[in-house]
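Everything on this sheet refers to the single structure shown next.
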Amino acid sequence: MERKRKRPIKTSRVSTPDAFARRSPPQQSQRSSRNSADEGKPPERKFKRPSALKRTPAPRPIEPTPKAATGAAGQKSVADHYNCMPERGRAWRHAGSTIPGLRNFNNWVKSTLITKFAMPPWLMPDSGVFPPGTKLRVLDMACGKGGDLGKWEKSSTSLRVHVHYVGCDIAEVSIQQAQARYLEARNSRRHYQHMTVEFYHKDSFGKSLNDLPVIRTVGFDPHVGPNTRPVTALGNPGIGYGGFDVVSCMFALHYSFVDEDHARGMLANVAGSLRKGGRFIGTVPSSDFIRQKITGRKDPKGPWNPEVFSPDITDENGNLLPCFVKKRKTSDSPPEEEQHEEEEMEPISWGNSCYRVTYPPPMGPRQGSAETAKTENDPPKREEAAQADDPPKPKKRRLKLPLFRPPFGHAYHYYMPEAVDAIEYVVPWPAFRSLALQYGLDLQYQKDFLDIWKQEGGYRDLEILAERMGVVERKGRDRGERGGDRDRDRGDRERRDAEGKDAEGEDKAREAEERGLLVSDEELEAASFYKAFCFVRI
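The sequence shown begins at 1 in UniProt numbering and counts up by one.
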């Protein structure tokens, strides 16, 4: 019987020798016709192997843009300016200064701001007596020569808390003078017994503060700002905030608005340093005051709204006047200078003997610099010889409407005798408030300096402070009456603030005039250039 043959398995199958021969050869004619039809099309993308991705070249480093270089150069000029300012001492400020009233008034406003917002709510006990070891952590981002140390010392003495003060400044000479000032006062007059003071030479606007040694102990959150998530802060495990209770920046924040990078860097350092509920206090030039001076008007309807056209450039129906409508360029259009002749202007300057503002600042190098220095043997240029008989033409600038857009880099020259002679930058208030909100800073308080005097100067404790600082003449009261009035008026002020009522400004101004305000009208005008603010970390 013939045995049945098993079916071969898959591995044992062998293809016939003519298996490949039965396949038809490639059709050359079809390929050639297909290639001719695909001419002009990009080649098909070839996918790289995963290992080939490792051999891709590393990205080239980004070179600094001219905008960033301009901001760095501006910060360096600010540091050089304040490094050259001499330290004249307390005696000269009281006897030799030509603007004593303005200095005293500005110091009173700063003291008022510290008195109102220095103590956060979580440190205020119900009994009014602080437990032992209560510490208030303060970061001063532009401490200068340490002029605010005395104000924080008086705050620590009145509140009976220990203040840990950290001062930073971009001017190295100013930091050295602040350290010498602090050591001299502590050793000779036994001051600052309830304070721990540290100074650092640091640019608080252009660089992060997370590399300071004190940050490791107090706490700092480097991940703040838009499109970020709260993470664990340095020095504070499990908390996405910093460790400072108050951050202060007096008369220096406007330097950060040289460009957007420095403005955001400043706000990142503020928000990263504050704990939740902490306060950011400071002063800035009033953009509304600058705008009114530039345009030569005062809007009776209230503060400036950047989304609404100004009334003097619109008609009855709210449409722009023809001279402010931007025309399209055509072949028959006149040159650009003639087309925008209504918008051109000369540099605007205003002020008095106490201050002077020039907007925009003069272009070109200053007189006496290397670029303007000439010798008698230098032959005149052909253009200079041709224009020798013509009268000099003033340089014109173009006034852009609406003003301060974009909100960075609007420079002006500010001069105050004995204090400032440098380029500063406008801080558009709506843009500043919106930008601060992106970093978790909510506005709590903002007032012009004169409004602060009218509404806050009527309280007894701040009135006594104004008398002691030389803003108004002293009243004939004994020490016991002053203390009783201070405690009684402090309770009235807290009750008024809780109810949302302001002090009566007209009565306070009339009382100040009767007593004798030791600040001249020109000094009050110079003080109205600034406003004070307070933000809360949310």
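We put the beta carbon where it would ideally sit given N, CA and C, even for glycine.
Are the beta-carbon atoms of Phe289 and Asp80 separated by less than 9 Å?
As a working note, residue 289 is residue 289 in the sequence shown. As a working note, residue 80 is residue 80 in the sequence shown. No, these two residues do not count as a Cβ contact at 9 Å.
Please report the residue range of the beta strand (DSSP E) in which residue 543 lies.
The displayed coordinates of the chain run from 1 to 538. Any statement about residue 543 would go beyond what the structure contains.
Could you give the residue range of the alpha helix (DSSP H) that holds Thr134?
Numbered from its first residue, the sequence shown carries residue 134 at position 134. Here Thr134 belongs to no alpha helix (DSSP H), and DSSP marks it neither H nor E.
Below 8 Å, how does it come out for the region 132-147 and the region 166-180: are there three or more Cβ pairs, yes or no?
yes
Which residues in the same chain have their Cβ closer than 8 Å to the Cβ of Gly225, if we skip the five residues on either side of it in sequence?
Working through the sequence shown from its first residue, we reach residue 225 at position 225. In chain order, Arg264, Leu267, Ala268, Ala271, Gln438 and Tyr439 place their CB closer than 8 Å to the CB of Gly225, counting only its own chain and leaving out the 5 sequence neighbours on each side.
In terms of alpha-carbon separation, which member of Cys249, Gly516 and Leu517 lies closest to Ala532?
As a working mapping, residue 532 is identified with position 532 in the sequence shown. Among Cys249, Gly516 and Leu517, the Cα nearest to that of Ala532 belongs to Cys249.
Please state whether the Cβ-Cβ distance between Gln177 and Lys145 is less than 9 Å.
Counting from one through the sequence shown, the residue named residue 177 turns up at place 177. Counting from one through the sequence shown, the residue named residue 145 turns up at place 145. Cβ distance < 9 Å, so Gln177 and Lys145 count as in contact.
Should Asn106 go down as buried or exposed, given a rule of 16 or more other Cβ atoms within 10 Å for buried?
For the purposes of this step, residue 106 is identified with residue 106 of the sequence shown, where counting begins at 1. Counting Cβ neighbours within 10 Å, Asn106 comes out buried, since at least 16 surround it.
Three CB pairs or more closer than 8 Å across the region 345-356 and the region 414-427
Contact between the region 345-356 and the region 414-427 is present, because at least three Cβ pairs lie under 8 Å.
Report the residue from Lys135, Ser256 and Glu467 whose alpha carbon sits nearest the alpha carbon of Gly101.
Translated into positions along the sequence shown, residue 101 becomes position 101. Nearest C-alpha to Gly101: Glu467.
For residue 565, which option in Val109, Gly147 and Met119 has the closest C-alpha, if you only look at C-alpha atoms?
Residue 565 cannot be examined here, being either before or after the span of the chain that is shown, 1 to 538.
Through-space distance from Phe529 to Ile423, alpha-carbon basis
By 1-based counting over the sequence shown, the position of residue 423 is 423. By 1-based counting over the sequence shown, the position of residue 529 is 529. Computed Cα separation, rounded: 15 Å.
Touching or not, the region 108-115 and the region 209-227, by the rule of three or more beta carbon pairs under 8 Å?
no
Distance CB(His194)-CB(Val163) smaller than 9 Å:
Looking up residue 194 in the sequence shown gives position 194. Looking up residue 163 in the sequence shown gives position 163. Contact: yes.
Simplified DSSP assignment, three categories, for Met119
To locate residue 119, count along the sequence shown from 1; it is residue 119. It is coil, neither helix nor strand.
Less than 9 Å separating the beta-carbons of Trp429 and Ser286?
Mapped onto the sequence shown, residue 429 falls at position 429. Mapped onto the sequence shown, residue 286 falls at position 286. Their beta carbons are under 9 Å apart, which means Trp429 touches Ser286 by this criterion.
Which first and last residues belong to the alpha helix (DSSP H) in which Glu260 is found?
Residue mapping note: residue 260 aligns to position 260 of the sequence shown, counting from 1. First-last of the alpha helix (DSSP H) with Glu260: Glu260 to Ser273.
Beta carbon proximity, Tyr425 to chain C, threshold 9 Å
Included in the structure is just one protein chain, with no chain C present.
If you run the structure through DSSP and keep just helix, strand and coil, what is Arg474?
For the purposes of this step, residue 474 is taken as the residue at position 474 of the sequence shown. Arg474 falls in the coil class under three-state DSSP.
Extract the residue ranges of the alpha helix (DSSP H) inside the region 397-429, only unbroken runs of 4 or more that lie entirely within it.
If we require 4 residues or more, the region 397-429 turns out to have no alpha helix (DSSP H) run fully inside it.
Tell me which same chain residues have a C-beta within less than 7 Å of the C-beta of Thr112, skipping the five on either side of it?
If you number the sequence shown from 1, residue 112 lands on position 112. Closer than 7 Å at Cβ, skipping near neighbours: Ile452, Glu456 and Leu462.
Where DSSP assigns a beta bridge to Tyr165, which residues make up the other side?
Locating residue 165 in the sequence shown gives position 165, where the first residue counts as 1. Answer is Val138 and Val197, bridged to Tyr165.
Own chain, CB closer than 7 Å to Gly282, minus 5 neighbours either side, in chain order:
Here residue 282 refers to the residue found at position 282 when the sequence shown is read from its first residue. Correct list, in chain order: Ser248, Cys249, Met250, Leu253 and Phe533.
Output the distance between the C-alpha atoms of Asn227 and Ala436, rounded to the nearest integer angstrom.
Here residue 227 refers to the residue found at position 227 of the sequence shown. Here residue 436 refers to the residue found at position 436 of the sequence shown. Cα to Cα, the separation comes out at about 14 Å.
Per DSSP, Val357 forms a beta bridge with which residues?
Position 357 of the sequence shown, counted from the start, is the residue given in the question as residue 357. Note: Val357 sits in a beta bridge opposite Trp350 and Tyr414.
Is Tyr82 helix, strand or coil by DSSP?
Counting from 1 along the sequence shown, the entry for residue 82 is found at position 82. The answer is helix: DSSP assigns Tyr82 an H, G or I state.
Closer than 6 Å by C-beta to Tyr82: which residues in its own chain qualify, once you throw out the five before and the five after it? Chain order, please.
Taking the first residue of the sequence shown as 1, we reach residue 82 at position 82. Around Tyr82: Ala171 and Ser174.
If you reduce the DSSP assignment to three classes, tell me which class Ala466 lands in.
In the sequence shown, the residue the question calls residue 466 occupies position 466. Ala466: helix per DSSP, three-state reduction.
Classify Thr157 as helix, strand or coil using the three-state DSSP reduction.
Counted from its first residue, the sequence shown places residue 157 at position 157. Helix at Thr157.
Cut-off 7 Å between Cβ atoms - residues of its own chain near Ile538, not counting five sequence neighbours on either side:
Taking the first residue of the sequence shown as 1, we reach residue 538 at position 538. Around Ile538: Gly440 and Asp442.
Whose C-alpha, out of Glu473, Tyr192 and Tyr425, is nearest the C-alpha of Arg291?
Here residue 291 refers to the residue found at position 291 of the sequence shown. Comparing Cα-Cα distances from Arg291 to each of Glu473, Tyr192 and Tyr425, the minimum goes to Tyr425.
Hey, Ser97 and Glu525 are a contact pair by Cβ (cut 8 Å); roughly how many whole angstroms apart?
Indexing the sequence shown from 1 puts residue 97 at position 97. Indexing the sequence shown from 1 puts residue 525 at position 525. No, Ser97 and Glu525 are not in contact; Cβ-Cβ is about 18 Å, not under 8 Å.
Please go through the same chain and pick out, in chain order, the residues whose beta-carbon is closer than 6 Å to the beta-carbon of Phe199, but skip the five residues on each side of it.
Counted from its first residue, the sequence shown places residue 199 at position 199. The answer, listed in chain order, is Gly167, Ile175, Ala178 and Gln179.
In this structure, what does DSSP give as the bridge partners for Asp442?
Start at 1 with the first residue of the sequence shown, and residue 442 comes out as number 442. Asp442 pairs with Val536.
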